[in-house]
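Numbering follows our numbering, with no gaps: position 203 of the sequence shown is 338.
Everything on this sheet refers to the single structure shown next.
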Amino acid sequence: MSQDWESKLMTFEEYARKKHDPVYIFDVEFGSKKVTYFGAEHNHNPESPMFDRIEAEFKKADPQIVFVEGMYFSQGGKQKAIEKYKNTDRESVIKNHGESVYVFRLAADAGIEVDSPESSLSDEITFLLQQEFSKEQIFCFYGYRQINGLHRLADKSKFNEELTRYISVFQRDSQWKDFDYSPEHLEKIGKSVWGEVRGDVMINDGYRTTPVPPEDKKLFTLINQINQEVTHFRDCNVVRRVVDALKTHDRLFIIFGSTHAVMQEPALRYLAESYDK
Numbered sequence: 136m137s138q139d140w141e142s143k144l145m146t147f148e149e150y151a152r153k154k155h156d157p158v159y160i161f162d163v164e165f166g167s168k169k170v171t172y173f174g175a176e177h178n179h180n181p182e183s184p185m186f187d188r189i190e191a192e193f194k195k196a197d198p199q200i201v202f203v204e205g206m207y208f209s210q211g212g213k214q215k216a217i218e219k220y221k222n223t224d225r226e227s228v229i230k231n232h233g234e235s236v237y238v239f240r241l242a243a244d245a246g247i248e249v250d251s252p253e254s255s256l257s258d259e260i261t262f263l264l265q266q267e268f269s270k271e272q273i274f275c276f277y278g279y280r281q282i283n284g285l286h287r288l289a290d291k292s293k294f295n296e297e298l299t300r301y302i303s304v305f306q307r308d309s310q311w312k313d314f315d316y317s318p319e320h321l322e323k324i325g326k327s328v329w330g331e332v333r334g335d336v337m338i339n340d341g342y343r344t345t346p347v348p349p350e351d352k353k354l355f356t357l358i359n360q361i362n363q364e365v366t367h368f369r370d371c372n373v374v375r376r377v378v379d380a381l382k383t384h385d386r387l388f389i390i391f392g393s394t395h396a397v398m399q400e401p402a403l404r405y406l407a408e409s410y411d412k
């Protein structure tokens, strides 16, 4: 594996200048092997035509292994997830979980190997601490990034329950002694960063955590910078996992948000050019 591929990942400044469709799909051939990358628009609407496109691309790819975004498995957790989502109702899976779990379900139903190529949450947290971000800043980023996703839920009555559940996962993986993990503390930190209005957890404001530099530079804070760092960390891990998977599989289908797809594509194409396995 070439050593300079990381430099081929698109920068956020380059991405900010690039125009692309909300759904971004591409294929990359590594010799006789093939990767089908579905860059999704994060969505919880079962009526969205994107889900028919996902299923069509999935069938066309005929994958031997499937990668999905954002699923972190504890020991034995992946098999439990397969049992949970296999043959479940399409509409409820999409409404409650979005496109990644929908693709996880497609793989489970077809008996295809499935995994999430994500770095572990604990590894990400350790990395960010090494970059000298504070615990409060890291907690704020992960909490409000999750809040962005919760605002896409069709059933908003689950908002507080799901936020509390996520914070418990974050607490388990960070294990900071004498740290206040309460939702109230999260919102207090958020309001210290963005003010009373933009820090309100019930406000849907994607600019709070986006890694893409906005035109209005005043909207860019340390929390956005954290997302830039962790997105690069995640993208590097995903590219490595894709190449590793091709050592034992010929056809891979992967679904991540379209930003990840666009930014990873140059590195994947660069590696494909020199692929010798």
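Here a beta-carbon is modelled for each residue, glycine too, at the ideal position from N, C-alpha and C.
Distance between beta carbons of residue j and residue i, contact taken as under 8 Å
| i | j | result |
| --- | --- | --- |
| L144 | P401 | 7 Å |
| P252 | V377 | 7 Å |
| G341 | N283 | 6 Å |
| A407 | F147 | Contact doesn't hold; Cβ gap of about 23 Å is too wide. |
| Q281 | L298 | 7 Å |
| R404 | V163 | 6 Å |
| G325 | C275 | 6 Å |
| I302 | Y316 | 6 Å |
| D250 | K213 | 7 Å |
Neighbour-count burial assignment, residue i, 16 or more Cβ in a 10 Å radius
| i | result |
| --- | --- |
| D197 | exposed |
| A191 | exposed |
| H155 | exposed |
| R369 | buried |
| Q399 | buried |
| F314 | exposed |
| E141 | exposed |
| K169 | buried |
| N359 | buried |
| N362 | buried |
| T366 | buried |
| P346 | buried |
| S255 | exposed |
| E259 | buried |
Residue from the options with nearest C-alpha to residue i
| i | options | result |
| --- | --- | --- |
| S257 | S327, Y277, D250 | Y277 |
| N178 | Y172, G325, F186 | F186 |
| K352 | A216, A151, K219, E141 | A151 |
| V328 | R343, P318, M337 | R343 |
| Q199 | Y410, R287, D385 | D385 |
| K194 | N372, Y405, E322, I389 | I389 |
| F208 | N222, S227, E226, V236 | V236 |
| V373 | L285, N222, V201, K153 | V201 |
| T223 | T356, V238, G212 | V238 |
| E204 | Y220, K215, M337, Y172 | Y172 |
| D244 | K219, S254, S255 | K219 |
| G174 | I189, K215, L381, N180 | I189 |
| I338 | F274, K291, N180 | K291 |
| S227 | A289, G325, I247 | A289 |
| L387 | E149, I247, D139, I217 | I247 |
| E417 | M206, D250, S167, R225 | Outside the modelled stretch of the chain, which goes from 136 to 412, sits residue 417, for which no answer is possible. |
| N180 | R287, Y279, K221, T261 | R287 |
| K153 | K221, S254, P348 | P348 |
| Q266 | D411, E149, L357 | L357 |
| E176 | A380, K213, V397 | V397 |
| K103 | E350, Y410, F355 | No answer is possible for residue 103: it lies beyond the span of the chain, which begins at 136 and ends at 412. |
| T261 | E350, A380, D379, E364 | E364 |
Cutoff 9 Å: residue i Cβ touching any chain B Cβ
| i | result |
| --- | --- |
| Q363 | Looking at the structure shown, chain B is missing, and only one protein chain is on hand. |
Residue i beta carbon near the ligand MG (any heavy atom closer than 8 Å)
| i | result |
| --- | --- |
| F368 | As presented, the structure is devoid of all ligands, the ligand MG included, so that no description of it is given. |
Inset, instruction - Could you tell me whether the stretch 392-403 touches the stretch 157-173, using the rule of 3 or more Cβ pairs below 8 Å? - result: yes
Inset, instruction - For the stretch 245-290, list the beta strand (DSSP E) runs that are entirely contained and at least 3 residues long, ordered along the chain. - result: If one requires a minimum length of 3 residues, the beta strand (DSSP E) runs lying completely within the stretch 245-290 are 248-250, in chain order.
Inset, instruction - For the stretch 263-281 and the stretch 306-324, state whether three or more C-beta atom pairs, one from each stretch, are separated by less than 8 Å. - result: Enough Cβ pairs lie closer than 8 Å, so yes.
Inset, instruction - Please confirm if the stretch 332-340 is in contact with the stretch 231-246, defined as three or more CB-CB distances below 8 Å between the two stretches. - result: no
Inset, instruction - Could I get the ranges of all uninterrupted beta strand (DSSP E) runs contained in the stretch 141-165, with 3 residues as the minimum, in chain order? - result: 159-165
Legend entry - Runs of alpha helix (DSSP H) lying entirely within the stretch 311-363, each at least 4 residues, in chain order: 318-333
Legend entry - alpha helix (DSSP H) segments (min. 4 residues) lying fully within the stretch 177-234: 185-196, 212-220, 225-232
Inset, instruction - Note down, one range per segment and in chain order, each alpha helix (DSSP H) of at least 4 residues found wholly within the stretch 359-412. - result: Listed in chain order, the alpha helix (DSSP H) elements of length 4 or more contained wholly in the stretch 359-412 are 393-408.
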